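Colleague:
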Amino acid sequence: MSNPIADNVEYFIQSEQTAITNNNTIATSSTQNSNNNNNTTTNFHRHSYHTLLRQQQEEQSRLQQQRQQQQMNGGPNGNSQQVEEESLFHSFFRRMSVNMTRNEQEDNSNDDTITEEFLAEQDQDQLSPMFTQYYYDIEALRQSQKKIILPKMLGEDDNLPSMEEISKENARIAHLAEKRSNYFEHPFESTSLGIPWEHYFHQEQQQKQQQQQQQNNIEVISKVSTTPLPIDGRPIAKPCDIFGPLKVAIADLDESGTLYLIGLQYGDIQWTVKRSISEFYDLWVMLKFRSTIDSPPSFPSKLQNLANAIAIRRAPNNGGLGFGIHEQQHNNLMIHFSTHDDYTRGEKRRLELVQYLQELVYKSKYCQDLSGLSDLCEFLEISGISIVRDMGWKGKEGYLEQKVITRSKSMMRSIRRNGWVKLWFILRESYVAICKDTSSLIPTDVMLFEKDFSIEIEERKHFSNYSIVTLSNSQRKMQIRVQKGSEEWLDYFHIIKKNSPWLVQNRYASYAPERENVKAKWFVDGHDYFEAVAEAILSAKSDIFIEDWWLSPQLYLRRPPKGNEDYRIDRLLKRKASLDNVKVYIVIYKSVNAAVPLDSGHTKHWLQGAHPNIVVLRHANRTVSPFWAHHEKILVIDQRLAFVGGLDLCFGRYDTHNHDLTDYAPDDDTSPEIFPGQDYSNPRIQDFINVSDYRLNTVNKRRIARMPWHDIHIGMVGHPARDIARHFIQRWNFIKRRDAKDRSDIPYLLPKGDLISPSDIKKFNGTCKVQIIRSISPWSMGTQREYSIYNAYMECIRNAQHYIYIENQFFITTTNGKDKLIRNNIGEVIVNRIIRAHKEKQKFRVIIVIPTAPGFEGDFSNPDRRSMTLRSVAHYQYMSISRGGHSVLEKLKQAEIPIEEYIGFYSLRNWGKIKSTPNTATPTPLSSSIINVKEDGSPPDSATTMTGRNSLDNSHIMSNGSHLGRSNSIKRTNSMNNNNKSKKQSRGLSVMTIKNTSNSSRIGATSSTTTIEEFNVQPPPPQQQQQRRSTKAEEIDDGKMDYVTEQVYIHSKLMIVDDKTVICGSANINDRSQLGGRDSEIATIIEDQSLVDSRMNGLPYQASKFALTLRMQLFKEHLGILNSGHDRKYQDSLVMDPLHDGFYYNVWTKTAKDNTKIYHDIFHCVPDDTIPTFDKHRHFVFDSIKSPGHIANPNNTTEEHIKTELNKIRGHLVTFPTEYLCREKVKNSLVQELVPSIVFT
């Protein structure tokens, strides 16, 4: 399943059953110990885990109050006494599977207590994995002041703020944001010294022309001074090439003429370096003896004498002030310069330095590597990774000393050795990188700035030669020693501390700030998105980041595969890696194959074997978070273009707006295959198996319909793309440090800066305000828990003025703030908003579109192990929607609100025809692995009874068609590469008209007389399972069984509010996605500032273009009017006003109800609102002859009747069955009781 609810269910059940089997012996022993020691033994039962969590939380609260009381009473030095607390970070399976004895003696045990001495001996980077079998002393950790991430137990860190707290905090942050500007977006417009560098660069060229300095090297410098940055975003291929296009200018910093500010420019990058005249001279001396430059330029003789004079004054025996000059001598020197060196001579001296430095820079570009230019690099603050494309603010570089802790372990103890190591530091606006020296091309360590990042500066004491800077984030600490004379570093640290956008609170408590003037684009369904992915990969210049829940290397991005062989994703990545030297970095969820057949190991080995430039990391934390997964779907190109949404690059996701059900049409046997091998999938029938065999057909394509996939993705450029890239880099570096710290083939990655090149401004500029939001936690990212997606959902729903439109894979939420199982209150805020609208007599509407049944394999009426996930998820979803006492619909009914006026739940479904193989011989029976024969011998379920557990994920395409059959979609598919749309329609459409009256605009519908074409049908072979009836297959072998139906699986994670705001990403509406501490997710919130004329509730309205066009595209697709033959203007007018009663009742709701009734009559689809009990379900699904999804009762109908009824279906919209099995307890099997409920919520 794409939101991997069942990722570890099988694994958990096996572990649980093994543990329970062994519990008898353990329980006996524990009981004896209990009698001897007066302890209490707690046997595991289905609520023990949650009861234990509540007890521990209450105990923590009591201990916290006790400590506060002790502080108020005045303990020693104002500190409370140390209180032993039981650890919440205890092995999950140990707490769930065996009897546990707890008492104060166990808490004080030496074996289970982490003492301060133990912490002091451990490497902070390796602490987290060591805590799985221990208790820890929380107070001791606080006193040691070590920043250690202690991963939380299941469900422990799930508390969320109230709606009032969210609103109050967002208002405070918004007020601060109005006053805050991003220093690093325009770091070169002004400096602290106010030096106009462009004037200096221009002035140097003019003076050189006037002085007619025709030296060959100076002429070459002037010619290459405008050379642009390399198109490659990585460091320069030949590091010394950086000196070729480097511009140099020098300005005086004081009247004495002894201190200068060097301005340097490489392309769009500028930076400054302070240097004294004596440092210029020292550089010349060093290069004379140690450099690899052929014939380095001579140092000006007059400046050499001046430097020698200053050096004498800097001698140690002369005292120390400033540069080592005694105060009186410094004053004398200043007077001397003021008296004897007028402005002209000072300017001449400066120009001599400029000429010397330019000659030196020019000759340096002919060196082979930077190792022989280490002194020049240090002087100019240049290194092997200094200059990259879009790097932004260059900041500060230089040698500093870092405190390093080494350990040599003996048999008895670990011996710590502390020392200071000189390393090359690179300070940027959002990170600190460390290299071995200036010639290094790969950093040895990276620390990213984040909200809990802190910079503590211990100023140099009177008799000390060093200042100590301590950098810390949620993962670790870093101590740096700044030597006397390098105080400029402290200034730069202060700039970071004051101005970095990554150290402040952002709206919705997100890690990323709001970005203005962004260009963004939506993609509906897989066809359009995959096409964009192919083009984006081909455009990559430097690097590609991919993060997916599931990635299929053999996925075709263009269809049909025949003729598009080069557009298979593994071949595209190999092409870019080999021909263009693009680096490809991929992170995928490390799945458990016993639970979910993703085979991430196959993905890793296949792609890494394609080319060395492709590196794949897998990650999951089975010890700390055995049930949670990485669920993001990210693609980033060069940190400039990014895609985020619900579509994984994997099998089963490709689809068009038509959502065709088959690959074989009854009237065309020559069309190319669109869904090869495992890409033709129906997980409700058969989940993916052995995905490394990508040619394998998991279902019979001649008999079983595929399950269509509806999804949405967003693309954007500029700053939000870099924010998404930063999220990826943060994850990558976290895994690198945790699992591959010593592997040189896996590098640390560096984020780009906020500066946008002037040449890219037009390409990047758009009209949208965009912010990236996410759900992450210590287990998934190594940082504090973030749930900014949840905050955004809550705030946007609360502030909605007119309507809310939601498409989501799940809808699991609560309206009860005291609910201990389901924590997210999205349902509550929806109810409160509707109640407020009703009290204020305001027109307001909520439209929610979700799948008819969860996408898991199984049978609702059979409480077996196979159906556990299906029934469990459905149970909590129905409890959220329509039953249980605290559901959304029940709360509205209790408030006496007319539900249909304010909220509706809908789904999507399609039908088509499938070409069966002529029956000329004994029919080949379908295996039970394909047709799920029930264990009790009862017939297989119809359309949606059997829903398969798959990697259902989110895919988004922009166009929609009304054709649901296969005959015309083949012709449309064949012309995909020419971007042609099929004009031929295979079934009737309803032509909607708007009739204006004096009171309101009434939208009606008139039926078209279009009929579907006649099909030349070969009868399907009979099915083997015919135990109940004696009816022969020949009696129904008349083409009727070619008709099939299946739900269109909604995998979108979308919310549109008031045609103004869009939230789209990978997060479902359930606790797994919303709480932050469970599955990791990413999304974007978009507010287009470009307003267009529209209508709302019959009145003129200014809507955001991005939100309006996306909603209208979805409405047109669902209602089947994209290819209705009418022009776009007419189509837009039909769906423009979502609040108008004429549209909502006469078009939207009527279409859904009419379609639902036809599917009910022809196919007996389940779930269905007319089935309240299991017994009714078994009588409703009675035909054992047909395959799943085919005609329900072929003996009592004719093909003409079937065609007539199906021609009446318009689009894909149907009603969601809120009353299905309303009189039954869906979640009631023993196996379900063994699995923690939070796995399904």
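Residue numbers for the sequence shown follow full-length UniProt numbering, so the first one is 1 and each next one is one higher.
We treat Cβ as the ideally placed atom computed from N, Cα and C, and that holds for glycine.
Everything numeric in this text was worked out from a predicted model, so none of it was measured.
At the level of alpha carbons, what is the spacing between K1208 and Y1049?
Modeller: 22 Å
Colleague: At which residues does the beta strand (DSSP E) containing K762 begin and terminate?
Modeller: That residue, K762, is in no beta strand (DSSP E); its alpha helix (DSSP H) goes I761 to F764.
Colleague: Can you tell me the Cβ-Cβ gap for I1191 and K1060, rounded? I've got them flagged as a contact below 8 Å.
Modeller: Not really, about 45 Å apart at Cβ, beyond 8 Å.
Colleague: Taking only runs of the alpha helix (DSSP H) that begin and end inside the segment 616-650, which ones reach a length of at least 4 residues, in chain order?
Modeller: none
Colleague: Report, in whole angstroms, the separation of the C-beta atoms of D693 and S542, which I expect to be a contact under 8 Å.
Modeller: Rounded, the Cβ-Cβ distance is 35 Å, inconsistent with contact.
Colleague: Quick one: residues in its chain with C-beta nearer than 8 Å to the C-beta of K866, no 5 flanking neighbours on either side, listed in chain order?
Modeller: First, the residue type needs correcting, since residue 866 is Arg and not Lys in the sequence shown. E857, G858, D859 and N932, listed in sequence order.
Colleague: Report the option in V849, I850 and K843 whose CA atom is closest to the CA atom of I897.
Modeller: K843
Colleague: Using the DSSP secondary-structure output, state which residues sit across from P561 in a beta bridge.
Modeller: Answer by DSSP bridge pairing: none, since P561 is not bridged.
Colleague: Grab me the residues of A1152's own chain with a C-beta within less than 6 Å of its C-beta, minus the 5 sequence neighbours each way, in chain order.
Modeller: Y906, L1213, V1214 and T1215
Colleague: Shortest alpha-carbon distance to S1094 belongs to which of F1106, A1083 and I1086?
Modeller: F1106
Colleague: Within 8 Å, do at least three Cβ pairs link the segment 753-765 to the segment 728-741?
Modeller: no
Colleague: Note the first and the last residue of the continuous beta strand (DSSP E) segment covering L1213.
Modeller: L1213 to T1215
Colleague: Tell me whether A171 is buried or exposed, calling it buried when 16 or more other Cβ atoms sit within 10 Å of its Cβ.
Modeller: exposed
Colleague: Quick test of your reading: V1044 and I1202, contact by CB under 8 Å. State the CB separation rounded to the nearest angstrom.
Modeller: V1044 to I1202, Cβ: 11 Å. No contact.
Colleague: Mark S744 as exposed unless 16 or more other C-beta atoms lie within 10 angstroms of its C-beta, in which case mark it buried.
Modeller: exposed
Colleague: With contact counted as at least three CB pairs below 8 Å, one residue from each stretch, are the segment 603-621 and the segment 695-706 in contact?
Modeller: Counting C-beta pairs closer than 8 Å gives fewer than three between the segment 603-621 and the segment 695-706, which falls short of the contact rule.
Colleague: Based on the DSSP secondary-structure assignment, which residues constitute the bridge partners of H527?
Modeller: Answer is none; H527 lacks a bridge partner.
Colleague: Looking at the unbroken alpha helix (DSSP H) that takes in H719, where does it start and where does it end?
Modeller: H719 to D739
Colleague: Give a yes or no on whether the C-beta atoms belonging to S1090 and T767 are separated by under 8 Å.
Modeller: Inclusion of S1090 and T767 in the CB contact set at 8 Å is warranted, their separation being smaller than that value.
Colleague: Report the three-state DSSP secondary structure of Q122 (helix, strand or coil).
Modeller: Any reading at Q122 must be qualified, since the residue scores a pLDDT of 40, below 50, and its modelled position is unreliable; no value is offered.
Colleague: Can you tell me which of N832, I847 and D452 puts its alpha carbon nearest to the alpha carbon of residue 1242?
Modeller: In the structure displayed, the chain extends from 1 to 1241; residue 1242 sits before or after that span and is not available.
Colleague: Tell me whether the beta-carbon of V691 lies closer than 8 Å to the beta-carbon of L598.
Modeller: yes
Colleague: Assuming the contact rule is C-beta atoms closer than 8 Å, A249 and Y260 should be a hit. Round their C-beta distance to whole Å, please.
Modeller: Not confirmed; about 10 Å, so no contact.
Colleague: On the criterion of 16 or more Cβ atoms from any shown chain inside 10 Å, does I1012 qualify as buried, or is it exposed?
Modeller: Because I1012 sits at a pLDDT of 26, beneath the cut-off of 50, its placement in the model cannot be relied upon, and the point is left open.
Colleague: Pull up the distance between the alpha-carbon of Q265 and that of I387, whole angstroms please.
Modeller: 11 Å
Colleague: Expressed to the nearest angstrom, what Euclidean distance is found between the alpha-carbon atoms of F688 and E381?
Modeller: Looking at the two C-alpha atoms, the distance is approximately 54 Å.
Colleague: Around the Cβ of G609, are there at least 16 other Cβ atoms within 10 angstroms (buried) or fewer (exposed)?
Modeller: exposed
Colleague: Residue range of the alpha helix (DSSP H) that C377 falls in?
Modeller: S374 to L380
Colleague: Is it buried or exposed for A532, if we count other Cβ within 10 angstroms and need 16 for buried?
Modeller: buried
Colleague: Quick one: what's got a C-beta closer than 8 Å to R883's C-beta in the same chain, skipping five residues either side?
Modeller: E890 and C1222
Colleague: Out of curiosity, what's the CA-to-CA distance linking T783 and I1171?
Modeller: 47 Å
Colleague: Out of curiosity, what's the CA-to-CA distance linking I804 and C796?
Modeller: Distance between the alpha carbons of I804 and C796 is about 9 Å.
Colleague: Output the distance between the C-alpha atoms of E487 and R726, rounded to the nearest integer angstrom.
Modeller: 30 Å
Colleague: Could you check the C-alpha separation between K409 and W779 for me, to the nearest Å?
Modeller: Residue placement at K409 is flagged as unreliable, the pLDDT there being 45, under the threshold of 50; a coordinate-derived value is accordingly withheld.
Colleague: Under a three-way DSSP split, which group does L1114 fall into?
Modeller: helix
Colleague: From the DSSP output, which residues share a beta bridge with P1100?
Modeller: Per DSSP, the beta-bridge partners of P1100 are R1095.
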